[in-house]
Amino acid sequence: MLFSKVIGHAALKAKLIGNIREGRVPHAQLMVGPRGSGNLAMALAYAQYLLCENKGQADACGTCPSCIQMAKLEHPDLHLAFPIFFTDKVKTCDHFVADWRHAVIEEPYIDIEQWRDQLESENKQLRMGVDIAQEIQRKLSLKSFRGGHKVMVIWQPELMDPPAANKLLKVLEEPEPGTVFLLVCSDPDQLLATIVSRAQLIKVPALPPVELGEALRERFPELSEADSVNLALRAEGDLLEAVEMAGKGEEELFVFFRDWLRHCYKREVVQAVEYGEHFQKMGRERQKSLVRYGLYMIRQCAMQWQQLPDLVRVLGQELEFVQNFSKLLNERNADGIRRELETAHVHIERNANPKVLFMDLSYRMMGHLRGGA
Ligand SMILES: [Zn+2]
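Per this note's numbering, the sequence shown starts with residue -1, numbered consecutively.
Below you can see the structure in the form of structure tokens.
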């Protein structure tokens, strides 16, 4: 993970990088942050920078052998410990490490619930027992593979059983040279006070709305700036929460857009009028989001129809829609539909009557989809 991929927190990044560049690498750091703040992402960026063989002023190089291994979380001097569910046979992280890497690369802002879903462990309790503490000790007793630091990332150490926490404390008290502990924690009150006192505290705060809003728009390109900041505010700086809310909003837009086009295709005027009423109630920002979403989907359809499916950036039911709807497109109407939506967007911005605008748009769509107009 590069620092540039960690959302926001510029001052903290600069401080962490400065420390490493000046040779101040504490033996243990406790990266405390609320859900969706990116404390794990920050720890992984820190580890990558520390292990990078060609560090820049502001980030790891991203291309040295060390960075390439870190991108897959497979660096031999990066050790990982995290909560798991126990079975009779499995009590250590090794068994799950491939799953964890996969989950974290996919979503570096992952929380314990998402990890539980990933493991399909349902209601089983996730924890870290004494076997994991022994595993940590054993791994750190090995020599550094590349001769530099050995980094041990412990995610959610607050879920350690008391015997495991006590064992970890011993390891922290008698550090192996060159070992760096990064304890990534969301609830430090659940940790042994003696562990907390052994580590340097790094606070990763909740994300400010503007930065979170920008990050959301990268994930959901059709969100408007106003909508994204609005979501960021409602999520109180929690990226996961914001993504979840944006995802639900997306689903609503998708269903609206798909069903509306279906009615247009079948020239079902009565239903189109009903959609117009729904559209009117959405409010202007949401109306703009819907139109932008429509434009995004039409672009995907055009890509599909031009036999460029590799460029289609949707999945699941959206992909299904794109594959079906693109069959109705041709050179003329694809461009026509795009222009209609762009014009509608301009008119919404100019405060056009939404019901009239939407009815007009519906009739035009009917025409395009039946090769008329
Ligand atoms: Zn590098």
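Here a beta-carbon is modelled for each residue, glycine too, at the ideal position from N, C-alpha and C.
- The residue among R311, A45, Q55 and H100 with its C-alpha nearest the C-alpha of H77 is A45.
- Within 7 Å of the C-beta of C91 there is not a single heavy atom belonging to ligand 1.
- For M280, the three-state secondary structure derived from DSSP is coil.
- When secondary structure is reduced to three states using DSSP, V253 falls in the helix class.
- The C-alpha of Q188 is placed about 25 Å away from the C-alpha of R136.
- The beta carbon of R290 lies closer than 6 Å to those of E220 in the same chain, with the five residues before and after it left out.
- Rounded to whole angstroms, the gap between the alpha carbons of A233 and I18 is 33 Å.
- Annotation for G60 indicates a beta carbon within 7 Å of some heavy atom of ligand 1.
- Nearest Cα to A197 within the set E212, E172, L205 and A101: E172.
- The residue from W113, I66 and S64 with its alpha-carbon nearest to that of L238 is W113.
- Listed as beta-bridge partners of C65 by DSSP are no residues whatsoever.
- Counted as a single uninterrupted DSSP element, the stretch harbouring I82 is not any beta strand (DSSP E), since DSSP gives it neither H nor E.
- About 7 Å separates the CB atoms of I296 and A332; that is less than 8 Å, so the two are in contact.
- The Cβ atoms of M40 and V4 lie closer than 8 Å to each other.
- One thing to note: S184 has its Cβ within 8 Å of the Cβ of P32.
- Of all C-beta pairs linking the stretch 65 to 74 to the stretch 7 to 17, fewer than three are shorter than 8 Å, placing the two stretches out of contact.
- One thing to note: I82 has its Cβ no nearer than 8 Å to the Cβ of Y47.
- Beta bridge pairing from DSSP links V178 with V149.
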